[in-house]
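Novice: Quick note: the sequence shown uses the working numbering, first residue 49, plus one each step.
All C-beta atoms in this analysis are idealised placements derived from N, C-alpha and C, irrespective of residue type, glycine included.
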Amino acid sequence: MTEELFRADSYLKQCEATVVSAGPEGILLDRTIFYPTGGGQPGDSGTLTLADGRAIRISDTRKGETGILHIPENPEAGLALAPGAPVTAILDWERRHRHMRMHTALHLMCASVAGDVTGGQVTAEKGRLDFDLPEVTFTKEELAEKLNALIAADHPVTARWITDAEMAAQPDLVRTLSVKPPMGAGPGANKVRLISVGEDAVDLQPCGGTHVARTGEIGPLTVAKIENKGRQNRRITIAFAE
Ligand SMILES: [Zn+2]
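1) Where do the N-terminal and C-terminal ends of the beta strand (DSSP E) with F288 fall, by residue?
2) Using 9 Å as the threshold, is the C-beta distance between R102 and P120 below it?
3) When you compare each of T285, F179, A216 to E189 by their alpha carbons, which one comes out closest?
4) Just the Cα atoms here: how many angstroms apart are I274 and S244?
5) Roughly how many angstroms lie between the CA atoms of L60 and K194, to the nearest whole one?
6) Would you check if the segment 116-136 and the segment 161-173 touch, i.e. whether three or more CB-CB distances between them fall below 8 Å?
7) When you get a sec, list the residues whose CB is within less than 6 Å of any heavy atom of ligand 3, chain order please.
8) Pull up the DSSP beta-bridge partners for I119, would you.
9) Could you say if the segment 258-278 and the segment 202-216 meet the contact criterion of at least three C-beta pairs nearer than 8 Å?
10) Does the structure place the segment 74-87 close enough to the segment 52-66 that three or more beta carbon pairs sit under 8 Å?
11) Under 9 Å between the Cβ atoms of C255 and H155?
12) Answer with buried or exposed for L127, where buried requires no fewer than 16 other C-beta atoms within 10 angstroms of its C-beta.
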C-alpha cells in the first residue's frame, strides 16, 4: 500500500518517491503527497519529475486496489516508467490549498447548521453540503455572517487518532450519513482520525480529508445558494468571496 504522507502533514508540496508499478490504469508510488478522490474532495493534480529531468503531468489521483494511483494526462506517459525508478512528486499546490480551505469551510458549515449531512462536494471554487432538514430558519446572509465569524476567530484545526472501538462507542460524532467514517486506517491500523476545529470543539468529527491549520486561512466566504432538494433535503452552496 502507498504511504499516505498527506494524512500526517497536508502542507507537504513535494516528496521523493519510488515507482512500484506503472500501467494504463495509473502510476503507483511507494509514498505520496497526492490526495486521492474521496469524501467529496477531488483527487490532486501535479507533476512527477524523473531523474533525467523529464516531467509527467498528473491530471487526477484515485484509490486503486493496491494503493494510490496517479493518473497521467497522457496515458502513454506512465508506460515509460520502470518499477524502482525514483521520482519527485510535486503538487499543483494552489489548487490543493483551495480544496483544503473549502473542505475546512464545510466543517464550519456542519457546526453552523443543525441536521445530519447526507452528501457533499468540494471544488477549487465552491463547496456544498446536503442536510437532512425539514425547513431552513435562516437566510443566506445570516449563515454567511456565522461562517465568516468562525473564520475570523482563526480557530486551530487539529487531528488525533482514536481506536475503531472508541469511535463505535460515540456514534453521535458521525455527522455525515453518506460517508462511512474512515475506520481501519491510521498508524497501526484500527484507528480513525478525528478532526477538531477550535479548542472547545466548534466541530468534531471523523474525517479523512485535507484541512488547513487555522480557520483564518480559509478567507471570507459567501453563501451562494440554499436549495430545496426534496422534502427533507436542503442543499447549501458556499463560495470564496474573493
Ligand atoms: Zn474534513
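Specialist: In terms of the structure at hand:
1) The count along the sequence shown starts at 1 and reaches residue 288 at position 240. Looking at the DSSP string, the run of the beta strand (DSSP E) that includes F288 is 281-288.
2) Along the sequence shown, read from residue 1 onward, the residue named residue 102 stands at position 54. Along the sequence shown, read from residue 1 onward, the residue named residue 120 stands at position 72. No.
3) For this step, residue 189 is matched to residue 141 along the sequence shown. Per the Cα distances, T285.
4) In the sequence shown, residue 274 corresponds to position 226, counting from 1. In the sequence shown, residue 244 corresponds to position 196, counting from 1. About 26 Å.
5) For the purposes of this step, residue 60 is identified with residue 12 of the sequence shown, where counting begins at 1. For the purposes of this step, residue 194 is identified with residue 146 of the sequence shown, where counting begins at 1. Approximately 31 Å between the Cα atoms of the pair.
6) no
7) Of the ligands one can find in the structure shown, namely ligand 1, none is ligand 3.
8) Against the sequence shown, residue 119 aligns to sequence position 71. Beta-bridge pairing links I119 to D108.
9) yes
10) yes
11) In the sequence shown, the residue the question calls residue 255 occupies position 207. In the sequence shown, the residue the question calls residue 155 occupies position 107. Yes, these two residues count as a Cβ contact at 9 Å.
12) Within the sequence shown, the letter at position 79 stands for residue 127. So L127 ends up on the exposed side.
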